[in-house]
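A.B. asks: Pasting a structure here, questions to come.
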Amino acid sequence: MTDQIREQLSALLDGELPKDEMGLLVRRLEKDAALRRAFGSYALIGETLRAPGGRIATTGFAARVSAEIDATEATAVSAAASHDVQRPSRAAPAAGVAGQAAAAQVAFWRRPMIRTALAASAAAAAVLVLRPDATTPLTEVAPLQAANVVGMGSSPTQAQSQRLASYMVAHSQYSTPMVRRNVLSSLLAADPGISRVSFEIGEAP
Amino acid sequence: MKSREHGDDDAGLPAGTEQSDLELVRRAQRNERGAFDLLVLKYQHKVVKLVARLLRDPTEAEDVAQEAFVKAYRALGSFRGDSAFYTWLYRIAVNTARNSIASRQRRPLDYEADLSESEQNNVAARLKHDDTPEAAALSEEIRVTVNQAIEQLPEDLRTAIVLREVEGLSYEEIADAMDCPVGTVRSRIFRAREAIDRALKPLLD
Numbered sequence: 236m237t238d239q240i241r242e243q244l245s246a247l248l249d250g251e252l253p254k255d256e257m258g259l260l261v262r263r264l265e266k267d268a269a270l271r272r273a274f275g276s277y278a279l280i281g282e283t284l285r286a287p288g289g290r291i292a293t294t295g296f297a298a299r300v301s302a303e304i305d306a307t308e309a310t311a312v313s314a315a316a317s318h319d320v321q322r323p324s325r326a327a328p329a330a331g332v333a334g335q336a337a338a339a340q341v342a343f344w345r346r347p348m349i350r351t352a353l354a355a356s357a358a359a360a361a362v363l364v365l366r367p368d369a370t371t372p373l374t375e376v377a378p379l380q381a382a383n384v385v386g387m388g389s390s391p392t393q394a395q396s397q398r399l400a401s402y403m404v405a406h407s408q409y410s411t412p413m414v415r416r417n418v419l420s421s422l423l424a425a426d427p428g429i430s431r432v433s434f435e436i437g438e439a440p
Numbered sequence: 015m016k017s018r019e020h021g022d023d024d025a026g027l028p029a030g031t032e033q034s035d036l037e038l039v040r041r042a043q044r045n046e047r048g049a050f051d052l053l054v055l056k057y058q059h060k061v062v063k064l065v066a067r068l069l070r071d072p073t074e075a076e077d078v079a080q081e082a083f084v085k086a087y088r089a090l091g092s093f094r095g096d097s098a099f100y101t102w103l104y105r106i107a108v109n110t111a112r113n114s115i116a117s118r119q120r121r122p123l124d125y126e127a128d129l130s131e132s133e134q135n136n137v138a139a140r141l142k143h144d145d146t147p148e149a150a151a152l153s154e155e156i157r158v159t160v161n162q163a164i165e166q167l168p169e170d171l172r173t174a175i176v177l178r179e180v181e182g183l184s185y186e187e188i189a190d191a192m193d194c195p196v197g198t199v200r201s202r203i204f205r206a207r208e209a210i211d212r213a214l215k216p217l218l219d
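Right, here's the structure in full:
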């Protein structure tokens, strides 16, 4: 981490960083734990100078908040997928797999958490989930068909699992890597029938 | 030149932070998680300190503060920027603490949920600070370390950081006061923070 970047971070804390420099810095911070630590320390220094005493957040607090948000997003993915079952008629004319599925979610996208939840479904952007006896690549399964079966029973069939994964692939462009990992973990935990995962599909933009 | 007062339980923050926070919120609303992580890092100590003062058991402060941040994230879509982000977050934290107390059937706080922010500030200020010896010791150690580190800074760095963090002046105002370019102010504040951060690191790691 260069001094220049840390100086930007210091300026950001003070609200003195030019807006056009903020985007890159935020993206750097997502990937750089040392940068996050420094920012937290700068904030603590100011807090201590302005209002000494009292309890402060322990090391790792912000990371725990982030993990908790990821966990709630993963839960919301399931809810969003279930909700989608009730709204298949919202599907717009196909403009590609992702386009179909996204169009079916018009109402949801107006709500940030649902947007985020659906974005989380992009976990599948990074994964290709196959069952032992599956012969059809998941990417070939129509996402809206998948949406129609998701959430219909507590123990999804083999075909349902494949379709769920396909549905998630369709939303891959909206997710972040961390969310993808969390949703993938949820998917694997929920379906013992999935035996192999490969990261053959590229990262979402 | 007029200094700005800060309290650990008021919404007042150094100049310039509101617009910067708003930009981070806008980015978080566009699913840039790093932007929300920055807001958590920035306000974690402030929120934990506030919640610890409100709760009867300050050891629960981090759990409640975490819940408040998660609630804030989930409600971020409703934040329109009519108030400062911290003011909004402050209300969420206070109400989350209140709900936590109610759910544990402890003695209710002596304020209503719909109190104005200034009234809530006054209540928070009146509440007894009750912390564990360990947390109090760490807080005191941090305070001493920060003050010692500041005393050891060269005068130009010390003046810049104090004018910023304690007096709440903008970079431009500090530049006027110190008769130097704004870029020099930015650099001095950064170097001051780096020096203090180095002193703090053994305590925080």
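For the protein sequence lines, the chains are A and B, in the order given. In this text, residue positions in the first sequence follow our numbering: the first is 236, and each later residue adds one. In this text, residue positions in the second sequence follow our numbering: the first is 15, and each later residue adds one. From the three backbone atoms N, C-alpha and C, an ideal C-beta is built for every residue, glycine too.
1) Can you tell me the Cα-Cα spacing of Leu152 (chain B) and Thr198 (chain B), whole angstroms?
2) Let me see if you follow: with CB-CB separation under 8 Å, is Ala269 (chain A) close to chain B or not?
3) Could you have a look at Asn383 (chain A) and say whether DSSP puts it in helix, strand or coil?
4) Sorted by chain position, which residues of the same chain lie with C-beta nearer than 8 Å to Leu214 (chain B)'s C-beta, five sequence neighbours on each side aside?
5) Pick from B:Thr73, B:Pro195, B:Tyr57 and B:Glu81: whose alpha carbon is nearest that of Glu32 (chain B)?
6) Suppose you measure from the CA of Ala150 (chain B) to the CA of Glu186 (chain B); what does that come to, to the nearest Å?
7) If contact means a Cβ-Cβ distance below 7 Å, which residues of the region 144-166 of chain B contact chain A?
8) Where Val300 (chain A) and Lys85 (chain B) are concerned, what is the direct C-alpha to C-alpha distance, given to the nearest angstrom?
9) Just confirm the distance between the C-beta atoms of Gln43 (chain B) and Glu303 (chain A), as a whole number of angstroms; I'd bet it's less than 8 Å.
10) Can you list, in chain order, the residues of its chain with a C-beta nearer than 6 Å to that of Phe99 (chain B)? Leave out the 5 residues immediately preceding and following it.
11) Secondary structure at Ser184 (chain B), three-state DSSP: helix, strand or coil?
12) Please confirm whether Ile291 (chain A) has its beta-carbon closer than 8 Å to some beta-carbon of chain B.
13) Judging by CA-CA distance, which residue of B:Ala174, B:Arg70, B:Glu181 and B:Arg205 is the nearest neighbour of Cys194 (chain B)?
14) Considering only residues of the same chain and omitting the five flanking positions on each side of Arg202 (chain B), which have a CB-CB separation below 7 Å?
15) Going along the chain, which residues of the region 203-214 of chain B sit with their C-beta nearer than 9 Å to a C-beta in chain A?
16) Assign Ser301 (chain A) to one of three DSSP states: helix, strand, or coil.
17) Would you say Glu242 (chain A) faces chain B, with C-beta separation under 8 Å as the test?
18) Check this for me: beta carbons of Ala268 (chain A) and Arg241 (chain A), under 8 Å apart or not?
19) Whole angstroms are fine: how far does the CA of Leu52 (chain B) sit from the CA of Leu305 (chain A)?
20) So which of B:Leu217, B:Arg205, B:Val65 and B:Leu69 has the shortest CA-CA distance to Glu148 (chain B)?
21) Is Thr237 (chain A) close to chain B, meaning its C-beta is less than 8 Å from at least one C-beta of that chain?
22) For Val78 (chain B) versus Thr110 (chain B), is the C-beta distance shorter than 8 Å?
23) According to DSSP, is Phe296 (chain A) helix, strand or coil?
24) Between Gly243 (chain A) and Glu37 (chain B), what straight-line distance do the alpha-carbon atoms span, to the nearest angstrom?
25) Does DSSP put Gly289 (chain A) in a helix, a strand or coil?
26) The alpha helix (DSSP H) spanning Asp238 (chain A) covers which residue range?
27) Please confirm whether Asp211 (chain B) and Ser276 (chain A) have their CB atoms less than 8 Å apart.
28) Anything in chain A within Cβ reach of Ser97 (chain B), meaning under 9 Å, just list it in chain order.
29) Where does Asp193 (chain B) sit, in a helix, a strand or coil, going by DSSP?
30) Is the beta carbon of Glu76 (chain B) less than 8 Å from the beta carbon of Val62 (chain B)?
C.D. replies: The short version:
1) Each residue's Cα considered, the two are about 33 Å apart.
2) So no, Ala269 (chain A) is outside the interface.
3) Residue placement at Asn383 (chain A) cannot be trusted, given a pLDDT of 38 that sits under 50; what the coordinates show is reported in the next sentence. Looking at Asn383 (chain A) - three-state DSSP - the assignment turns out to be helix.
4) So the list reads Ile156, Thr159, Val160 and Ala163, once near-sequence residues are dropped.
5) Cα-wise, what sits closest to Glu32 (chain B) is B:Tyr57.
6) Rounded to whole angstroms, Ala150 (chain B) to Glu186 (chain B) spans 36 Å at the Cα level.
7) Of all residues in the region 144-166 of chain B, Asp145, Ala149, Ser153, Ile156, Arg157 and Val160 have a Cβ within less than 7 Å of some Cβ in chain A.
8) In a straight line, the C-alpha of Val300 (chain A) is about 10 Å away from that of Lys85 (chain B).
9) In this structure Gln43 (chain B) is not in contact with Glu303 (chain A), their Cβ atoms being roughly 19 Å apart against a cut-off of 8 Å.
10) Closer than 6 Å at Cβ, skipping near neighbours: Asp35 and Val39.
11) The answer is coil: DSSP assigns Ser184 (chain B) none of H, G, I, E or B.
12) True, the Cβ-Cβ gap to chain B drops below 8 Å.
13) For the set B:Ala174, B:Arg70, B:Glu181 and B:Arg205, the Cα lying nearest the Cα of Cys194 (chain B) is the one of B:Ala174.
14) Around Arg202 (chain B): Asp170, Leu171 and Ala174.
15) The region 203-214 of chain B vs chain A, Cβ under 9 Å: Ile203, Phe204, Arg205, Ala206, Arg207, Glu208, Ile210, Asp211 and Leu214.
16) Three-state result, Ser301 (chain A): helix.
17) Chain B, which has a Cβ nearer than 8 Å to the Cβ of Glu242 (chain A), makes this yes.
18) For Ala268 (chain A) and Arg241 (chain A), no; Cβs fall outside 8 Å.
19) A quick correction: the sequence has Asp, not Leu, at residue 305 (chain A). If you draw a straight line from the Cα of Asp305 (chain A) to the Cα of Leu52 (chain B), it comes to about 16 Å.
20) The residue with the shortest Cα to Cα distance from Glu148 (chain B) is B:Leu217.
21) Cβ-Cβ to chain B under 8 Å: no for Thr237 (chain A).
22) Yes, the pair counts as a contact, with Cβ atoms nearer than the cut-off.
23) In the structure shown, Phe296 (chain A) sits in a helix (DSSP, three-state: H, G or I).
24) Note on residue identity: the sequence assigns Gln, not Gly, to residue 243 (chain A). When the Cα atoms are used, Gln243 (chain A) and Glu37 (chain B) turn out to be separated by approximately 15 Å.
25) In the structure shown, Gly289 (chain A) sits in coil (DSSP, three-state: anything other than H, G, I, E or B).
26) Its alpha helix (DSSP H) spans residues Asp238 to Leu248.
27) Ser276 (chain A) sits close to Asp211 (chain B), with the two beta carbons spaced by under 8 Å.
28) Correct list: empty, because the minimum Cβ distance to chain A is about 16 Å.
29) Three-state result, Asp193 (chain B): coil.
30) Against a cut-off of 8 Å, the Cβ pair of Val62 (chain B) and Glu76 (chain B) comes out as a contact.
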